[in-house]
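Below: one structure, written as structure tokens.
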Amino acid sequence: MSLKEKHSILVVDDEESMCEFLDIMLSKEGYDVDLASSGEEAFSILDQKRFDLVITDIRMKDIDGIDVLKKTKSVNPETIVILISAFATADTAVQAMKEGAYDYVPKPFDLSDFQALVKNALKSKSKAEVIEEDSRDNPYHFNRLIGESPEMRKVYDLIKRVAKTKSNILVSGESGTGKELVSRAIHEMSPKSKRPFVVISCAGIPENLIESELFGYKKGAFTGAVTDKEGLFDVADGGTVFLDEVGELSLPIQVKLLRVIQEKTFTAVGGVEEKHVDVRFISATNKNLEQEVIDGNFREDLYFRLNVIHIPLPPLRRREGDLPLLVEHFLKKCSEEQGKNIHKMSTYALGILHQYRFPGNVRELENIIERSVALETSNIILPESLTLSHFREREVEKRRRRFDIGPDGIDLDKVMAAIEKEYIFKALDLANGSRQKAARLLGINTRSLRYRMEKLGIKGG
Ligand SMILES: Nc1ncnc2c1ncn2[C@@H]1O[C@H](COP(=O)(O)OP(=O)(O)OP(=O)(O)O)[C@@H](O)[C@H]1O
Ligand SMILES: [Mg+2]
1439 MSLKEKHSIL VVDDEESMCE FLDIMLSKEG YDVDLASSGE EAFSILDQKR FDLVITDIRM
1499 KDIDGIDVLK KTKSVNPETI VILISAFATA DTAVQAMKEG AYDYVPKPFD LSDFQALVKN
1559 ALKSKSKAEV IEEDSRDNPY HFNRLIGESP EMRKVYDLIK RVAKTKSNIL VSGESGTGKE
1619 LVSRAIHEMS PKSKRPFVVI SCAGIPENLI ESELFGYKKG AFTGAVTDKE GLFDVADGGT
1679 VFLDEVGELS LPIQVKLLRV IQEKTFTAVG GVEEKHVDVR FISATNKNLE QEVIDGNFRE
1739 DLYFRLNVIH IPLPPLRRRE GDLPLLVEHF LKKCSEEQGK NIHKMSTYAL GILHQYRFPG
1799 NVRELENIIE RSVALETSNI ILPESLTLSH FREREVEKRR RRFDIGPDGI DLDKVMAAIE
1859 KEYIFKALDL ANGSRQKAAR LLGINTRSLR YRMEKLGIKG G
């Protein structure tokens, strides 16, 4: 099959307007669309024609969506099936997945999300049929980093450019954004890649040990120093030193480090001889180091030495487009590790993640997926097995509910009036009842405010 050939789609729904809507939408996208207004009709069409994709409603009068799914798979196991329903329970969804459905989508759905789902579903089919992709050529990957958002591409570009240089690099970003992964990537792509990548966790080593850890010590330098010992700088010679959480370094140690960077020499504790060292420094921080300098917690000269090139990493919530790729990656990894066969996350569950802020970024996403893989009993991650912390769940739920449209629809005028009323009350409150001030706070004129108050039956002010 050539990739350019039109994909064929069968839409099955006993609701005429839904069929029409999907017909228009999918034809516009360039697909070859057939329609069936009942399960029975779908059965007879499926007997005559092969489809790449079948989209079916779950609840229909005679033959339901699950039957259509089974029928489709019996005539051609390769055909992808997507189920849609306003009433699907978790049980139906689980059953659908067990029967081999690609996904189930709750109604109402977002148009562009649905288009993307169809596109991805068909892409996964073409990929399986046409080529086995080599992950090394996969544009989503760069070293062990995943993501193809413009923000991540910028990071890859920077890594490529700086890897070849000798300059010191500062990688900044919130916790879990991949600072260590990026630093390792730089090392691996640099001329120093054959030499060690030594991690110094600046927050982890006790203050009284840090000097001997970094520089080593001579026999007899202190009680317990029964032999000479090499320090981390000895080990790192010729390679890269990764200063993790560099903002945690105490001021006295900062002075010693500055000397190593400037003079490229150091002395073991209790020793006299100066040792020469050739290393590149990559530092990581989730603090605002510039602010630390202003506050007097971090030496300005050291800051400039370490921050020759700055690589800021974007938080996950600012590169939402990468979420599906990361989810897919971690699902595969965690399923393999736990010996499970979970290959997908339901659209609904992914929707929940899209609304989540991820304070712990990629690391947190990985933990969430690891837990959900452990909890999930079907072969697809359903919303029930996503355990975001309760506080956050509520936050997500609130946001979802704010713009939710149930099966009975909403009364937009009534909803808008309620919102308007809330804001007017709030503004009048803040303005201590002054209509003029309240109007200003709302960005409208006093006349408009008076009119609205009358319309909404608000007295006072
Ligand atoms: N772009 C990415 N692609 C794939 N995995 C990622 C990506 N970014 C981070 N990770 C994964 O997330 C986890 C955290 O990454 P890493 O340790 O590099 O973050 P960090 O910024 O150093 O976090 P912290 O500030 O908490 O030390 C690791 O398991 C890493 O493999
Ligand atoms: Mg880290």
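The opening position of the sequence shown corresponds to residue 1439 in my numbering, with each subsequent residue numbered one higher. Every residue, glycine too, gets a C-beta built ideally from N, C-alpha and C. A quick note: this is a predicted structure, and the numbers were derived from the prediction, not measured.
TODO: Pull up the distance between the alpha-carbon of R1737 and that of S1688, whole angstroms please.
DONE: The residue labelled residue 1737 in the question sits at position 299 within the sequence shown. The residue labelled residue 1688 in the question sits at position 250 within the sequence shown. Rounded to whole angstroms, R1737 to S1688 spans 10 Å at the Cα level.
*asked:* For G1614, which residues in the same chain have their Cβ closer than 7 Å to its Cβ, ignoring the five residues on either side in sequence?
replied: Your numbering for residue 1614 matches position 176 in the sequence shown. Excluding residues up to 5 positions away in sequence, G1798, N1799, V1800, R1801 and E1802 lie with their Cβ nearer than 7 Å to the Cβ of G1614 in the same chain.
| query | Is K1893 buried or exposed, if buried means 16 or more other CB atoms sit within 10 Å of its CB? | reply | Translated into the one-based positions of the sequence shown, residue 1893 becomes position 455. Exposed.
> Where in the segment 1630–1717 do unbroken runs of the alpha helix (DSSP H), each at least 4 residues long, occur, reported from the N-terminal end onward?
Replying inline: The qualifying runs are 1645–1653, 1670–1674 and 1689–1701.
Any heavy atom of ligand 2 closer than 6 Å to the beta-carbon of E1686? Here residue 1686 is taken as the residue at index 248 of the sequence shown, counted from 1. No.
### Query
Where does the unbroken beta strand (DSSP E) through D1595 begin, and where does it stop?
To locate residue 1595, count along the sequence shown from 1; it is residue 157. Counting along the chain, D1595 falls outside any beta strand (DSSP E), though it belongs to the alpha helix (DSSP H) covering P1588 to A1601.
**Q.** Collapsed DSSP secondary structure at A1474 in the structure displayed
**A.** Residue numbering aside, residue 1474 sits at position 36 when the sequence shown is read from its first letter. Strand, per DSSP.
From V1492 to D1842, what does the alpha carbon distance come to, in whole angstroms? Numbered from 1 along the sequence shown, position 54 holds the residue referred to as residue 1492. Numbered from 1 along the sequence shown, position 404 holds the residue referred to as residue 1842. Each residue's alpha carbon lies about 27 Å from the other.
Q: Go ahead and label M1891 buried or exposed: buried means 16 or more other beta carbons lie within 10 angstroms of its beta carbon, across all protein chains shown.
A: Residue 1891 sits at position 453 when you count from the first residue of the sequence shown. Buried: at least 16 other Cβ atoms inside 10 Å.
How would you write the range of the alpha helix (DSSP H) that P1546 sits in, first residue to last? To locate residue 1546, count along the sequence shown from 1; it is residue 108. For P1546, no alpha helix (DSSP H) encloses it, and the DSSP letter there is neither H nor E.
Leaving out five residues before and five after K1536 in sequence, what residues of the same chain have Cβ atoms less than 8 Å from its Cβ? Along the sequence shown, one-based indexing puts residue 1536 at 98. Result list for K1536: S1816 and N1817, in chain order.
(message) So the candidates are V1600, I1857, E1683 and P1634; which of them puts its Cα closest to the Cα of L1727?
(response) Translated into positions along the sequence shown, residue 1727 becomes position 289. The residue with the shortest Cα to Cα distance from L1727 is E1683.
Per DSSP, the bridge partner or partners of K1778:
What you label residue 1778 is simply residue 340 of the sequence shown in a count that begins at 1. Per the DSSP secondary-structure output, K1778 pairs with nothing in a beta bridge.
message: For N1558 and H1579, what's the separation of their Cα atoms in angstroms?
response: As a working note, residue 1558 is residue 120 in the sequence shown. As a working note, residue 1579 is residue 141 in the sequence shown. Going from the Cα of N1558 to the Cα of H1579 covers about 18 Å.
| Is the distance from the Cβ of D1470 to the Cβ of S1446 below 7 Å? | Locating residue 1470 in the sequence shown gives position 32, counting from the first residue. Locating residue 1446 in the sequence shown gives position 8, counting from the first residue. A contact, by the Cβ cut-off of 7 Å.
Helix, strand or coil for V1746, going by three-state DSSP, please let me know. Numbered from 1 along the sequence shown, position 308 holds the residue referred to as residue 1746. In the structure shown, the three-state DSSP call for V1746 is coil.
*asked:* My output table needs one value for D1495: the three-state DSSP class, helix, strand or coil.
replied: For the purposes of this step, residue 1495 is taken as the residue at position 57 of the sequence shown. It is a strand residue.
inquiry  = Once the 5 residues before and after L1473 are set aside, which same chain residues still bring their CB inside 7 Å of it?
reply    = Looking up residue 1473 in the sequence shown gives position 35. Excluding sequence neighbours, L1473 sits near V1449, C1457 and D1461.
If you measure between the beta carbons of D1846 and G1585, is that distance less than 7 Å?
Position 408 of the sequence shown, counted from the start, is the residue given in the question as residue 1846. Position 147 of the sequence shown, counted from the start, is the residue given in the question as residue 1585. Taking C-beta atoms as the reference points, D1846 and G1585 fail to come closer than 7 Å.
_Does the distance between the C-beta of V1710 and the nearest non-hydrogen atom of ligand 1 fall short of 6 Å?_
Here residue 1710 refers to the residue found at position 272 of the sequence shown. No, the beta carbon of V1710 sits no closer than 6 Å to any heavy atom of ligand 1.
If distances are taken between C-alpha atoms only, which option among L1791, L1813 and R1757 comes closest to Q1776? Against the sequence shown, residue 1776 aligns to sequence position 338. Of the listed residues, the one whose Cα sits closest to Q1776 is L1813.
Rounded straight-line distance, which links the Cα of T1678 to that of T1603: The residue you call residue 1603 lines up with position 165 of the sequence shown. The residue you call residue 1678 lines up with position 240 of the sequence shown. T1603 and T1678: Cα-Cα distance of roughly 12 Å.
>> Closest to D1495 by C-alpha separation, out of L1764, L1647, I1520 and H1748, would be which residue?
In response: Within the sequence shown, the letter at position 57 stands for residue 1495. Comparing Cα-Cα distances from D1495 to each of L1764, L1647, I1520 and H1748, the minimum goes to I1520.
Query raised in the report: Just to confirm, are F1704 and F1671 a CB contact at a threshold of 7 Å?
Result: Taking the first residue of the sequence shown as 1, we reach residue 1704 at position 266. Taking the first residue of the sequence shown as 1, we reach residue 1671 at position 233. Cβ distance < 7 Å, so F1704 and F1671 count as in contact.
Using only the alpha-carbon positions, how far apart do I1807 and V1765 sit?
The residue labelled residue 1807 in the question sits at position 369 within the sequence shown. The residue labelled residue 1765 in the question sits at position 327 within the sequence shown. In a straight line, the C-alpha of I1807 is about 7 Å away from that of V1765.
Three-state secondary structure (DSSP) at L1627? One-based indexing of the sequence shown puts residue 1627 at position 189. It should be noted that the sequence gives Met, not Leu, for residue 1627. Reduced to three states, the DSSP call for M1627 is coil.
Review point. With 16 as the cutoff for other CB atoms within 10 Å, does Y1655 come out buried or exposed?
Key: To locate residue 1655, count along the sequence shown from 1; it is residue 217. With 16 or more other Cβ atoms from the protein chains shown falling within 10 Å of its own Cβ, Y1655 counts as buried.
field: Coil, strand or helix - T1615 by DSSP
entry: On the sequence shown, position 177 is the one that residue 1615 refers to. Three-state result, T1615: coil.
Could you check what DSSP says for A1722 in three-state terms: helix, strand or coil? Residue mapping note: residue 1722 aligns to position 284 of the sequence shown, counting from 1. In the structure shown, A1722 sits in a strand (DSSP, three-state: E or B).
* Where does the unbroken alpha helix (DSSP H) through L1879 begin, and where does it stop? -> As a first step, residue 1879 is located in the sequence shown; it is residue number 441 there, counting from the start. Here the alpha helix (DSSP H) through L1879 covers R1873 to L1880.
| task | Let me know if R1718 comes out buried or exposed under the rule of 16 or more other beta-carbons within 10 Å of its beta-carbon. | result | To locate residue 1718, count along the sequence shown from 1; it is residue 280. Answer is buried; the Cβ neighbour count reaches 16.
- Task: May I ask you to verify whether the segment 1592–1606 touches the segment 1637–1657, counting CB pairs closer than 8 Å and requiring at least 3?
- Result: Because the criterion of three Cβ pairs below 8 Å is not met, the segment 1592–1606 and the segment 1637–1657 do not touch.
task = In the DSSP assignment, find the beta strand (DSSP E) that holds S1610 and state where it starts and stops.
result = One-based indexing of the sequence shown puts residue 1610 at position 172. Its beta strand (DSSP E) spans residues I1607 to S1610.
**Report entry** Cβ pair S1721, L1652 closer than 7 Å
**Finding:** Taking the first residue of the sequence shown as position 1, residue 1721 is located at position 283. Taking the first residue of the sequence shown as position 1, residue 1652 is located at position 214. Using a Cβ distance threshold of 7 Å, S1721 and L1652 do not count as a contacting pair.
**OP:** From the DSSP output, in three-state form, read off F1580 for me.
**Re:** The residue labelled residue 1580 in the question sits at position 142 within the sequence shown. Assignment of F1580 by DSSP, reduced to helix, strand and coil, places it in the strand class.
Measure from the alpha carbon of F1481 to the alpha carbon of each residue in M1627, D1541 and T1510, then state which is nearest.
As a working mapping, residue 1481 is identified with position 43 in the sequence shown. Scanning M1627, D1541 and T1510 for the CA closest to the CA of F1481 turns up T1510.
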